[in-house]
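Trainee: Below you will find the structure I want to go over with you.
There are 2 protein chains.
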Amino acid sequence: MPDAHFYPVIVAGGRGTRFWPLSRARRAKQLLPLAGRQSMIQQTFARLRPLAPKKNFWVITNDLLRPAILKQLPQLPRAQVIAEPAARNTAPAIGLAAFLLQRRDPDAVLGMFPADHVIADEKRFLGDLEATASIAASGQNIVVMGVRPNRPETGYGYIELGAKVDGCFRVLRFREKPDRKTAEQFLWSGNFLWNSGMFVWSARTLCSALHEHLPATASVLEEIADTFGSSRFQRALKKLYPKVENISIDYAVLEPRSAKGEQASGLFCIPADFGWNDLGSWTALHEYKLNNHTKDGNVIEAAGELALDASNNYIHAPGKFVAAVGVNDLVVVETGDALLITTLQNSQDVGKVVTVLDRKKRKDLV
Amino acid sequence: MPDAHFYPVIVAGGRGTRFWPLSRARRAKQLLPLAGRQSMIQQTFARLRPLAPKKNFWVITNDLLRPAILKQLPQLPRAQVIAEPAARNTAPAIGLAAFLLQRRDPDAVLGMFPADHVIADEKRFLGDLEATASIAASGQNIVVMGVRPNRPETGYGYIELGAKVDGCFRVLRFREKPDRKTAEQFLWSGNFLWNSGMFVWSARTLCSALHEHLPATASVLEEIADTFGSSRFQRALKKLYPKVENISIDYAVLEPRSAKGEQASGLFCIPADFGWNDLGSWTALHEYKLNNHTKDGNVIEAAGELALDASNNYIHAPGKFVAAVGVNDLVVVETGDALLITTLQNSQDVGKVVTVLDRKKRKDLV
Numbered sequence: 021m022p023d024a025h026f027y028p029v030i031v032a033g034g035r036g037t038r039f040w041p042l043s044r045a046r047r048a049k050q051l052l053p054l055a056g057r058q059s060m061i062q063q064t065f066a067r068l069r070p071l072a073p074k075k076n077f078w079v080i081t082n083d084l085l086r087p088a089i090l091k092q093l094p095q096l097p098r099a100q101v102i103a104e105p106a107a108r109n110t111a112p113a114i115g116l117a118a119f120l121l122q123r124r125d126p127d128a129v130l131g132m133f134p135a136d137h138v139i140a141d142e143k144r145f146l147g148d149l150e151a152t153a154s155i156a157a158s159g160q161n162i163v164v165m166g167v168r169p170n171r172p173e174t175g176y177g178y179i180e181l182g183a184k185v186d187g188c189f190r191v192l193r194f195r196e197k198p199d200r201k202t203a204e205q206f207l208w209s210g211n212f213l214w215n216s217g218m219f220v221w222s223a224r225t226l227c228s229a230l231h232e233h234l235p236a237t238a239s240v241l242e243e244i245a246d247t248f249g250s251s252r253f254q255r256a257l258k259k260l261y262p263k264v265e266n267i268s269i270d271y272a273v274l275e276p277r278s279a280k281g282e283q284a285s286g287l288f289c290i291p292a293d294f295g296w297n298d299l300g301s302w303t304a305l306h307e308y309k310l311n312n313h314t315k316d317g318n319v320i321e322a323a324g325e326l327a328l329d330a331s332n333n334y335i336h337a338p339g340k341f342v343a344a345v346g347v348n349d350l351v352v353v354e355t356g357d358a359l360l361i362t363t364l365q366n367s368q369d370v371g372k373v374v375t376v377l378d379r380k381k382r383k384d385l386v
Numbered sequence: 021m022p023d024a025h026f027y028p029v030i031v032a033g034g035r036g037t038r039f040w041p042l043s044r045a046r047r048a049k050q051l052l053p054l055a056g057r058q059s060m061i062q063q064t065f066a067r068l069r070p071l072a073p074k075k076n077f078w079v080i081t082n083d084l085l086r087p088a089i090l091k092q093l094p095q096l097p098r099a100q101v102i103a104e105p106a107a108r109n110t111a112p113a114i115g116l117a118a119f120l121l122q123r124r125d126p127d128a129v130l131g132m133f134p135a136d137h138v139i140a141d142e143k144r145f146l147g148d149l150e151a152t153a154s155i156a157a158s159g160q161n162i163v164v165m166g167v168r169p170n171r172p173e174t175g176y177g178y179i180e181l182g183a184k185v186d187g188c189f190r191v192l193r194f195r196e197k198p199d200r201k202t203a204e205q206f207l208w209s210g211n212f213l214w215n216s217g218m219f220v221w222s223a224r225t226l227c228s229a230l231h232e233h234l235p236a237t238a239s240v241l242e243e244i245a246d247t248f249g250s251s252r253f254q255r256a257l258k259k260l261y262p263k264v265e266n267i268s269i270d271y272a273v274l275e276p277r278s279a280k281g282e283q284a285s286g287l288f289c290i291p292a293d294f295g296w297n298d299l300g301s302w303t304a305l306h307e308y309k310l311n312n313h314t315k316d317g318n319v320i321e322a323a324g325e326l327a328l329d330a331s332n333n334y335i336h337a338p339g340k341f342v343a344a345v346g347v348n349d350l351v352v353v354e355t356g357d358a359l360l361i362t363t364l365q366n367s368q369d370v371g372k373v374v375t376v377l378d379r380k381k382r383k384d385l386v
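As given, the protein sequences belong to chains L and U, one line each in that order.
Be aware that the first sequence starts at 21, since it is given in the numbering used here, and climbs by one per residue.
Be aware that the second sequence starts at 21, since it is given in the numbering used here, and climbs by one per residue.
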């Protein structure tokens with residue numbers, strides 16, 4: 021059931037360079053239909069839609085992506101698709117949303133959702149989220165959605181669970197991206213969940229937490245928020261927003277908050293089991309797309325295909341007939357102007373291509 | 021100096037499937053500019069041009085390729101670009117040319133040249149060829165151009181050299197494609213040359229050799245040759261040519277001839293040292309294109325390129341920006357409708373792709 025006081029805030033400012041050459045500065049990962057016909061952000065919106073009225077949705081993005089987002093999500097109130105004039109990470113982004121909402125609805129509960137994750141079991145997701153929102157609505161609670169790990173991933177932060185309370189857990193502490201050995205210990209202990217980047221809290225709680233842990237930034241954000249709805253907003257945003265700290269919500273609020281201790285912190289974690297995947301690389305996408313219909317681990321998106329003695333490749337070349345002969349573990353992605361050739365193992369390094377292209381000022385290619 | 025009695029016969033009926041997807045049934049390897057701005061057959065013509073007047077050139081090809089050859093070589097007398105109605109290998113092809121020329125010029129000397137080889141040192145080639153032609157012009161001699169091997173190649177036939185006579189050698193015998201171990205022995209002995217597929221002989225010699233070794237086919241070819249220049253030629257060719265034996269000139273004439281013994285056979289071999297390469301696969305092309313300007317062994321034909329921790333790749337994607345990240349020894353070839361991904365080691369198997377596409381009746385792709 022839609023909840024009039026629940027406000028999904030979709031964080032969509034990322035560039036997603038690891039999906040180059042498909043992703044570009046104006047067509048970032050969240051705007052691509054990587055996991056279906058709809059783009060990631062369209063899927064994110066559709067998934068959350070049952071929980072809140074359309075007018076409650078907010079998107080925080082940047083100038084380059086805003087036009088495409090408005091086009092992909094015409095249902096959204098245009099003024100609530102906010103373009104940061106400078107990238108300042110998640111704390112100011114969600115913080116601005118909190119101050120804006122506090123002024124509109126004193127009972128506002130915010131959820132922060134990355135725009136570029138996939139979730140297999142949407143029904144379960146909605147159930148978990150409703151439970152999360154009801155915990156967040158009371159007191160000064162902050163709830164994070166945790167994902168049960170199935171591999172010793174070193175690319176995510178972890179949440180160490182504390183006491184169990186009514187189907188959810190208190191948070192003992194947050195742990196930064198671990199090394200491989202530590203990640204294996206986390207996996208086997210069974211007491212650590214991946215930090216999904218999805219948080220829920222009341223606007224009241226978040227605003228006071230920001231004043232406590234990030235006071236200068238909080239004041240600037242309040243100053244901006246005070247102009248919202250007036251003709252001064254865009255100017256204030258452009259002038260003031262670049263002054264806020266460049267910091268993630270994890271570092272700015274969650275970690276200092278957890279230092280208060282398991283009880284006093286008011287931090288809770290919902291162990292979520294809804295088939296979460298952040299699709300962090302071509303390799304993750306390849307894995308995600310493997311199913312009963314794929315042969316020899318080849319995921320080939322093309323007009324036609326022929327694999328001879330070839331296995332475990334991800335090939336994206338729409339409109340072409342693809343022949344793979346005697347090759348394994350490759351990633352090949354073709355667009356109108358570019359061709360990427362790498363391996364599943366090296367696909368995390370694709371961001372380096374964008375770094376080089378940035379340096380060479382090849383704006384046509386990034 | 022052009023020799024009025026020398027007739028270059030360019031054999032251009034091959035399909036060159038190992039260069040798929042660039043090569044197609046109507047755009048075979050010899051029509052592609054693989055080794056420069058001109059196509060292979062244009063280069064072959066230009067290379068031979070100093071030795072004979074234009075009107076002396078003949079091309080034996082097939083119906084699918086004839087239109088493109090006429091377009092690429094408008095200098096040729098159209099009637100002398102002959103399309104075989106059925107593929108019957110080299111013996112009938114060069115045999116038909118011999119019977120046709122015997123009727124025009126009793127002193128004709130023919131050279132048979134594959135249309136799809138590259139030769140680095142054209143000056144040396146012409147010198148060698150002049151020597152060859154003068155040997156072929158006298159008596160019943162047959163001269164083959166041999167290439168000094170630089171690797172134990174198992175994909176070519178070999179010529180075992182006999183006695184040395186005035187800068188050339190008598191042929192002791194022809195040896196079929198050897199296994200690896202035999203090829204290594206050939207290489208180390210220093211007494212074996214690669215059979216280049218380039219032969220020179222008088223029309224008289226070849227015609228009598230065909231009557232001796234391939235009598236039924238010789239009669240059919242004579243019957244066709246008798247109609248040349250009349251309105252009956254095309255019908256005769258279409259009706260009779262399919263009846264000839266499907267056999268190479270090596271099997272049909274050279275091997276039985278060599279069995280007569282080193283002296284009696286009249287077989288000579290010119291050891292040619294003009295940088296010959298038959299560009300038999302993408303791998304051979306990659307090797308051919310390596311030079312002082314290539315970095316880390318990458319040959320990348322594209323609008324732009326970036327190789328990160330990538331070496332020894334051949335990538336052909338004209339118009340695209342190519343990024344190769346952490347890949348080695350690959351062959352990637354892109355055309356408007358197809359994308360081939362294989363390895364240098366497997367590039368010989370590309371013909372199998374064409375076999376499958378033939379079977380699937382994908383005429384659009386072969």
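Don't be surprised by glycine CBs; every beta carbon is placed ideally from N, CA and C.
#1: Mind pulling the chain L residues with CB within less than 9 Å of Thr202(U)?
#2: Does the segment 340-354 of chain L come into contact with the segment 297-304 of chain U, if we say contact requires no fewer than three beta-carbon pairs (one atom in each stretch) closer than 8 Å?
#3: To the nearest angstrom, how far is it from the Cα of Gln95(U) to the Cα of Lys74(U)?
#4: Leaving out five residues on either side along the sequence, give the residues of the same chain with a beta carbon under 6 Å from the beta carbon of Pro102(L).
#5: Compute the distance between the beta-carbons of Gln63(U) and Leu93(U), then report whether it is under 8 Å.
#6: In angstroms with no decimal places, state the Cα-to-Cα distance between Met132(L) and Ser43(L).
#7: Got a sec: which bits of the segment 345-356 of chain L sit with their beta carbon under 7 Å from any beta carbon on chain U, in order along the chain?
#8: Please confirm whether Leu42(L) has its beta-carbon closer than 8 Å to some beta-carbon of chain U.
#9: Starting from the C-beta of Leu260(L), find all residues in its chain whose C-beta is less than 8 Å away, skip the five residues before and the five after it, and write them out in chain order.
#10: Going along chain L, which residues have a C-beta under 9 Å from Val342(U)?
#11: Could you name the residues of the segment 363-377 of chain U whose beta carbon sits closer than 9 Å to any beta carbon of chain L, in the order they occur along the chain?
#12: Quick check: is the beta carbon of Leu52(U) nearer than 8 Å to any beta carbon in chain L?
#13: What residues in the segment 321-334 of chain L bring their beta carbon closer than 9 Å to a beta carbon of chain U?
#14: Where does the unbroken beta strand (DSSP E) through Thr363(U) begin, and where does it stop?
#15: Is there a Cβ of chain U sitting closer than 8 Å to that of Leu418(L), yes or no?
#16: I want to verify the contact list: residues of chain U whose CB lies under 7 Å from the CB of Ala337(L), in sequence order.
#17: Evaluate Ala128(U) with the Cβ neighbour count: other Cβ atoms within 10 Å of its Cβ, from every protein chain shown; 16 or more gives buried, anything less gives exposed.
#18: Under the assumption that Leu207(U) contacts Cys289(U) (Cβ atoms under 8 Å), give the Cβ distance between them as a whole number of angstroms.
#19: Alpha carbons only, please: which of Pro235(L), Asn170(L) and Ala183(L) is nearest the one belonging to Gln205(L)?
#20: Whole angstroms are fine: how far does the CA of Pro105(U) sit from the CA of Ala272(U)?
#21: Three or more C-beta pairs under 8 Å: does that hold for the segment 323-334 of chain L against the segment 281-288 of chain L?
#22: Taking the alpha-carbon positions, what's the Leu326(U) to Arg38(L) distance?
#23: What does DSSP give as the partner residue(s) for Leu326(L) in the beta ladder?
#24: Since Ala66(U) and Gln50(U) should fall inside the 8 Å C-beta cutoff, what is the C-beta to C-beta distance between them, to a whole number of angstroms?
#25: Within the same chain, show all residues whose beta-carbon is closer than 8 Å to that of Arg200(L), passing over the 5 residues directly before and after it, in chain order.
#26: By Cβ distance below 6 Å, which residues in the same chain neighbour Pro276(U) in space, the five residues on each side in sequence not counted?
#27: Any contact between the segment 149-160 of chain L and the segment 220-238 of chain L? By contact I mean 3 or more CB pairs, one from each, below 8 Å.
#28: Just to confirm the assignment, what range does the beta strand (DSSP E) spanning Trp214(L) have?
#29: Since I believe Leu130(U) is in contact with Ala151(U) (beta carbons under 8 Å), could you give me their beta-carbon distance rounded to a whole number of angstroms?
#30: Is it true that the CB of Leu359(U) sits closer than 8 Å to the CB of Glu354(L)?
#31: Check whether the Cβ atoms of Phe77(U) and Gln100(U) lie closer than 8 Å to each other.
#32: For Gly317(L) and Ser154(L), what's the separation of their Cα atoms in angstroms?
#33: Within this structure, are the beta carbons of Pro134(L) and Leu71(L) separated by less than 8 Å?
#34: Can you give the Cα-Cα distance for Phe253(L) and Ala107(L), rounded to whole angstroms?
#35: Looking at C-alpha atoms only, which residue of Trp40(L), Lys258(L), Asp293(L) and Gly339(L) is the closest neighbour of Gly147(L)?
Mentor: According to the structure shown:
#1: Listed along chain L, no residue sits closer than 9 Å to Thr202(U) by beta-carbon distance, the nearest being about 26 Å off.
#2: At 8 Å Cβ cutoff, the stretches do not touch.
#3: 7 Å
#4: A small correction: the amino acid at residue 102(L) is Ile; Pro does not occupy that position in the sequence shown. Only Ile80 meet the Cβ criterion.
#5: no
#6: Using only the alpha carbons, I get a separation of about 23 Å.
#7: Val345, Gly346, Val347, Leu350, Val352 and Glu354
#8: no
#9: Val240, Glu243 and Ile244
#10: The contacting residues are Ala358, Leu359, Leu360 and Ile361.
#11: Thr363, Gln365, Asn366, Ser367, Asp369, Val370, Lys372, Val373, Val376 and Leu377
#12: No, Leu52(U) does not count as interfacial toward chain L.
#13: Ala322, Ala323, Gly324, Leu326, Leu328, Asp329, Ala330 and Asn333
#14: Ala358 to Thr363
#15: Residue coverage of chain L in this structure runs from 21 to 386, which leaves residue 418(L) outside it and unanswerable.
#16: Chain-order list of chain U residues neighbouring Ala337(L): Leu359, by C-beta distance under 7 Å.
#17: Buried.
#18: That belief does not hold up - the Cβ atoms of Leu207(U) and Cys289(U) are roughly 17 Å apart, past 8 Å.
#19: Asn170(L)
#20: About 20 Å.
#21: no
#22: 16 Å
#23: Ala343(L)
#24: Rounded, the Cβ-Cβ distance is 13 Å, inconsistent with contact.
#25: Pro172 and Thr174
#26: His233
#27: yes
#28: Phe212 to Ser222
#29: Incorrect: roughly 16 Å between the Cβ atoms, too far for contact.
#30: yes
#31: yes
#32: 42 Å
#33: no
#34: Distance between the alpha carbons of Phe253(L) and Ala107(L): 18 Å.
#35: Asp293(L)
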